[in-house]
Amino acid sequence: MKKIITADGSPTFFSEEYGEPYHSVTAGAFRESEEKFIKPCKIIESLKKRDLKILDVCFGLGFNSMSAVKAAFECGGKLLIVGFEKDIEVIKASLQLDWGDMSAFKFFLSGLLKNRSFEDGFLTLNYFDGKIGIKVFIGEGREVVKKIYRNFGDFFDVVFHDPFSPKVNPELWTLDFFKYISEMVKEGGVLATYSSSLPVRKALLMAGFGVREGVAVGRKSKSTVAVKGRKSLLPDKFKKKLETSLFSVPYRDLFLNDPPALIRNRRSGCIHILESVYPFECLY
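The opening residue of the sequence shown carries number 140 in the numbering used here; numbering runs sequentially from there.
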């Protein structure tokens with residue numbers, strides 16, 4: 140893994156497998172965690188009122204989860220994080236990076252790696268100290284979700300959805316995947332993601348989330364915040380695109396086991412067929 144220094148001075152890695160960095164280089168790794176996940180999900184405000192349960196989709200270097208742990212320390216709240224990560228080596232390598240002002244929170248990552256178990260068929264990393272609980276399943280995201288979703292029905296208050304982009308990692312952005320995630324989120328629970336793409340927002344809508352715009356940090360387009368069971372609050376121009384544009388066709392993966400190329404090609408084929416029937420809709 141190649142180390143990259145991002146705009147706020149915090150480090151990240153470049154994934155050779157996906158051809159993308161783990162964090163926004165222009166936004167900054169820790170700044171992205173704060174602006175696109177912690178603030179939109181109102182983590183500090185919520186922790187002041189109640190215990191909070193977070194699902195971390197793609198734990199990665201642990202920056203999003205550790206930013207939530209930092210928030211819990213600041214307000215004295217109680218926090219449980221459940222996440223999954225495909226590659227344990229990424230978590231190990233994260234400890235070798237200079238986290239700057241966040242270095243004190245490496246302690247939790249070290250604790251995770253020391254306390255291992257085997258649950259639901261997956262290697263599992265665990266940390267619990269009474270106020271902070273973290274559990275990370277090591278495995279491919281879809282396989283983990285299919286195994287654990289029944290154990291976490293209507294359980295989570297917040298979802299950090301942070302895979303690689305839909306174009307290279309479409310399997311974690313499908314309507315079918317979001318349906319499983321929705322099963323695990325409480326009514327009124329919040330999902331935050333950096334993506335603003337039409338197929339992602341349409342999939343979230345179809346999975347039972349109301350969608351609104353988040354913030355633009357390190358890029359022109361704004362991120363997405365989705366709330367389960369609530370009304371969408373998108374600007375009218377985006378509502379029209381989601382309703383009429385053929386490019387809002389979501390990715391599909393009915394049994395959560397198709398290869399990425401098939402998921403991409405299935406969506407492209409669907410759009411191609413619809414174009415022949417509704418050619419003018421593609422103008423939106």
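Positions of the beta carbon are idealized from the N, C-alpha and C atoms, including for glycine.
As assigned by DSSP and simplified to three states, the class of residue i
{"i": "Ala168", "result": "helix"}
{"i": "Phe348", "result": "strand"}
{"i": "Ser384", "result": "coil"}
{"i": "Phe295", "result": "strand"}
{"i": "Lys181", "result": "coil"}
{"i": "Leu422", "result": "In this predicted model, Leu422 has a pLDDT of only 45, less than 50, meaning its place in the structure is not dependable; the value taken from the coordinates is given anyway. Looking at Leu422 - three-state DSSP - the assignment turns out to be helix."}
{"i": "Lys188", "result": "coil"}
{"i": "Phe212", "result": "helix"}
{"i": "Ala146", "result": "coil"}
{"i": "Lys370", "result": "coil"}
{"i": "Phe394", "result": "coil"}
{"i": "Gly408", "result": "helix"}
{"i": "Arg281", "result": "helix"}
{"i": "Tyr288", "result": "helix"}
{"i": "Ala342", "result": "helix"}
{"i": "Ser360", "result": "coil"}
{"i": "Ala355", "result": "coil"}
{"i": "Pro305", "result": "coil"}
{"i": "Phe240", "result": "Inspection of the sequence shows that residue 240 is occupied by Asp rather than by Phe. Here Asp240 sits in helix by DSSP."}
{"i": "Leu314", "result": "helix"}
{"i": "Pro389", "result": "coil"}
{"i": "Leu234", "result": "coil"}
{"i": "Gly201", "result": "coil"}
Reference residue i; option with closest CA among the options
{"i": "Lys325", "options": "Phe348, Ala342, Thr332", "result": "Phe348"}
{"i": "Met241", "options": "Lys225, Lys209, Ala166", "result": "Lys209"}
{"i": "Ser154", "options": "Ile182, Asp226, Ser334", "result": "Asp226"}
{"i": "Ala365", "options": "Ala342, Glu156, Lys380", "result": "Ala342"}
{"i": "Pro305", "options": "Tyr333, Ile287, Tyr319", "result": "Tyr333"}
{"i": "Ala346", "options": "Asp237, Pro160, Arg369", "result": "Arg369"}
{"i": "Phe202", "options": "Phe169, Leu236, Phe317, Pro179", "result": "Phe169"}
{"i": "Leu218", "options": "Val416, Lys181, Arg189", "result": "Arg189"}
{"i": "Pro309", "options": "Arg403, Gln235, Ser415, Phe257", "result": "Arg403"}
{"i": "Lys367", "options": "Arg406, Phe317, Phe247", "result": "Phe317"}
{"i": "Leu251", "options": "His300, Ser362, Thr263", "result": "Thr263"}
{"i": "Thr363", "options": "Arg406, His300, Ile410", "result": "His300"}
{"i": "Lys270", "options": "Leu234, Leu191, Tyr157", "result": "Leu191"}
{"i": "Val135", "options": "Glu156, Gly158, Phe176, Met140", "result": "Because the chain in this structure spans residues 140 to 423, residue 135 falls outside the shown range and cannot be described."}
{"i": "Gly222", "options": "Leu248, Asp237, Gln235, Cys409", "result": "Leu248"}
{"i": "Val339", "options": "Asn290, Arg406, Asn254", "result": "Arg406"}
Residues near residue i in its chain [Cβ-Cβ closer than 6 Å; skip 5 each side]
{"i": "Ile220", "result": "Ile193, Asp195, Ser204, Ile273"}
{"i": "Gly216", "result": "Leu186"}
{"i": "Phe267", "result": "none"}
{"i": "Leu393", "result": "Asp315"}
Neighbourhood of residue i by C-beta distance below 7 Å, restricted to the same chain and skipping five residues each side
{"i": "Glu173", "result": "Ser206"}
{"i": "Gly292", "result": "Glu322, Met323"}
{"i": "Leu422", "result": "Confidence at Leu422 is low in this model, with a pLDDT of 45, below 50, so its placement is unreliable and the value that follows should be read with caution. The answer is none, since no qualifying residue turns up."}
{"i": "Gly239", "result": "Gly148, Ser149"}
{"i": "Tyr288", "result": "Tyr319, Glu322, Met323"}
{"i": "Glu224", "result": "Cys197, Phe198, Gly199, Ile230, Val275, Ile277"}
{"i": "Ile183", "result": "Ala210, Glu213, Cys214"}
{"i": "Ser415", "result": "none"}
DSSP bridge partner residues for residue i (one or two, in chain order)
{"i": "His300", "result": "Val196, Thr332"}
{"i": "Phe153", "result": "Lys141, Pro160"}
{"i": "Gly222", "result": "Asp195, Val275"}
{"i": "Arg255", "result": "Leu264"}
{"i": "Ala365", "result": "Leu330, Val350"}
{"i": "Val324", "result": "Phe295"}
Residues of its chain near residue i, where Cβ-Cβ distance is below 8 Å and the 5 sequence neighbours each way are ignored
{"i": "Leu337", "result": "Lys380, Leu381, Ser384, Phe386, Ser387"}
{"i": "Ile143", "result": "Pro150, Thr151, Phe152, Phe153, Pro160, Val164"}
{"i": "Ile412", "result": "none"}
{"i": "Ser371", "result": "Leu344, Gly349, Val350, Arg351, Lys378"}
(message) Three or more C-beta pairs under 8 Å: does that hold for the segment 292-309 against the segment 327-338?
(response) A contact between stretches requires three or more CB pairs, one per stretch, nearer than 8 Å, and the segment 292-309 meets this requirement with the segment 327-338.
(message) With a threshold of 8 Å, are at least 3 pairs of Cβ atoms found where one atom belongs to the segment 399-407 and the other to the segment 374-383?
(response) no
(message) Using 8 Å as the cut-off, can you tell me whether the segment 378-388 makes contact with the segment 300-315, which would need three or more C-beta pairs spanning the two stretches below that distance?
(response) no
(request) Inspect the CB distances between the segment 339-358 and the segment 281-290 and report whether three or more fall short of 8 Å. (result) Output reads no: the segment 281-290 does not touch the segment 339-358.
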